[in-house]
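Residue numbers (the numbering used here): 23 to 340.
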């Protein structure tokens, strides 16, 4: 049951990013031999990752403070040191156990390898080298790298189910796997794994890990994928409501100035698509994912969470 609680929480890109931050704080505190850790290195890393990294880190640290997972004295200057609490240690340990669960990792590895191959197929790469999977946005499970053994078992399982084809190295994975028509059909009728979606969204800003899973590109819901599907009025209305919420809160979200024009363009395209006689689910998903990507850059946390929640609801319904 506790795993279900984690999965539900981790559907939020903000929450995933903060769990990863908590793990990093715990790791450095453990290396120091006590419960305190400097976050100066994190601040430098965040600022190197994005122009707004300093602000993201402050917001994330404050969120962990509010949940009583860490403690620090609020001051006028930037936070330099934090102390992880007993509750924070427990949560970090539970999260680590969750993303280390063998069964969940095996299932996620299969789904992620197949999704990666589908993306490669769309880009005209019919038989990519499997080594590219590990460095792709699909190569982690909630920020934890898939192991060579997990990748090997995943490719062999997918081949046994005729979802991919190719020859395996001695005791190793399918070196140059190729997605089959059955595999393509499976992807086009299934959603991406929740872990993949959440990890991608978390990485839009900063992942607080060495391995960043790349920019969001949910190909299964993109305009390039052929999908024959008639949307219900509820699905269209959810997308329209998300667009309206984004539009109305944009002035107060605190989105960086350089992304304002892009946000306005996304809103305009969403309004146009939802008003279309035949809205395309792939295009709606792409635009709604863009709403999430831009919204989480905002500094007004309550408004950000509201917009992301509405966009997520619309995405889940498609």
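Backbone N, C-alpha and C define an ideal beta-carbon position, used for all residues, glycine too. Nothing here was measured: the structure is a model prediction, and the numbers come from that model.
Practice problem: Provide the residue span of the alpha helix (DSSP H) that contains residue 300, from first to last. | Solution: First-last for residue 300: undefined, no H or E at that position.
Exercise. Could you tell me which residues DSSP pairs with residue 59 in its beta bridges?
Key: 104
Quiz item: When you compare only the Cα positions, how much space is there between residue 287 and residue 306?
Solution: 14 Å
Exercise. Kindly provide the ranges of any alpha helix (DSSP H) runs that are 4 or more residues long and lie completely inside the stretch 278-339, ordered along the chain.
Key: 282-296, 303-317, 323-339
Quiz item: Applying the criterion that 16 or more other CB atoms from any shown protein chain within 10 Å of the CB defines a buried residue, is residue 237 buried or exposed?
Solution: The pLDDT assigned to residue 237 is 30, lower than 50, so where the model puts this residue is not dependable; a value taken from the coordinates is nonetheless given after this. Burial call: exposed.
Quiz prompt | CA-to-CA distance, residue 271 to residue 256, given in whole angstroms | solution = 22 Å
Self-check item: residue 332 burial status per 10 Å Cβ neighbour count (16 or more: buried)
Solution: buried
Quiz item: Is residue 101 near residue 93, with beta carbons less than 8 Å apart?
Solution: no
Self-check item: Length of the line joining the Cα atoms of residue 60 and residue 50
Solution: 8 Å
Quiz item: When you compare each of 284, 296, 291, 139 to residue 258 by their alpha carbons, which one comes out closest?
Solution: 296
Practice problem: Pull up the distance between the alpha-carbon of residue 118 and that of residue 300, whole angstroms please. | Solution: 44 Å
Quiz item: What residues match up with residue 78 in a beta bridge as DSSP calls it?
Solution: Beta-bridge pairing links residue 78 to no other residue.
Exercise. Less than 8 Å between the CB atoms is what I'm expecting for residue 329 and residue 267, so what's the real figure, rounded?
Key: 5 Å
Quiz prompt | residue 293 to residue 253 span [Cα, whole Å] | solution = 15 Å
Quiz item: Which residue comes first and which comes last in the alpha helix (DSSP H) that contains residue 192?
Solution: From DSSP, residue 192 is part of no alpha helix (DSSP H); its letter is neither H nor E.
Quiz item: Distance, Cα to Cα, residue 165 vs residue 283?
Solution: 31 Å
Practice problem: Look at residue 186 and residue 174 and say whether their C-beta atoms are less than 8 Å apart. | Solution: no
Quiz prompt | Test item: CB-CB of residue 109 and residue 90 under 8 Å | solution = yes
Quiz item: Going by the CB atoms, is the gap between residue 143 and residue 196 shorter than 8 Å?
Solution: no
Exercise. Going by DSSP, name the residue or residues bridged to residue 200.
Key: 187
Quiz prompt | Rounded C-alpha distance that separates residue 67 from residue 78 | solution = 11 Å
Exercise. Could you pull out every residue in the same chain whose Cβ sits closer than 6 Å to the Cβ of residue 194, ignoring the five residues on either side in sequence?
Key: 174
Quiz item: How should residue 125 be labelled, buried or exposed, when 16 other C-beta atoms within 10 angstroms of its C-beta is the threshold for buried?
Solution: exposed
Quiz item: Taking the continuous alpha helix (DSSP H) assigned at residue 179, which residues delimit it?
Solution: 170-182
Self-check item: Simplified DSSP state of residue 157, which is helix, strand or coil
Solution: coil
Practice problem: Measure the Cβ-Cβ separation of residue 64 and residue 46 and say whether it is below 8 Å. | Solution: yes
Exercise. For residue 357, name the three-state secondary structure that DSSP assigns.
Key: As displayed, the chain neither begins before 23 nor continues past 340, which places residue 357 out of reach and without an answer.
Quiz item: Taking the DSSP output, what are the residues bridged to residue 93?
Solution: 105
Quiz item: How big is the Cα-Cα spacing for residue 34 and residue 208?
Solution: 25 Å
Practice problem: Pick out whichever of 74, 211, 147, 141 has its Cα sitting closest to the Cα of residue 277. | Solution: 74
Exercise. Tell me whether residue 39 sits in a helix, a strand or coil according to DSSP, three-state version.
Key: helix
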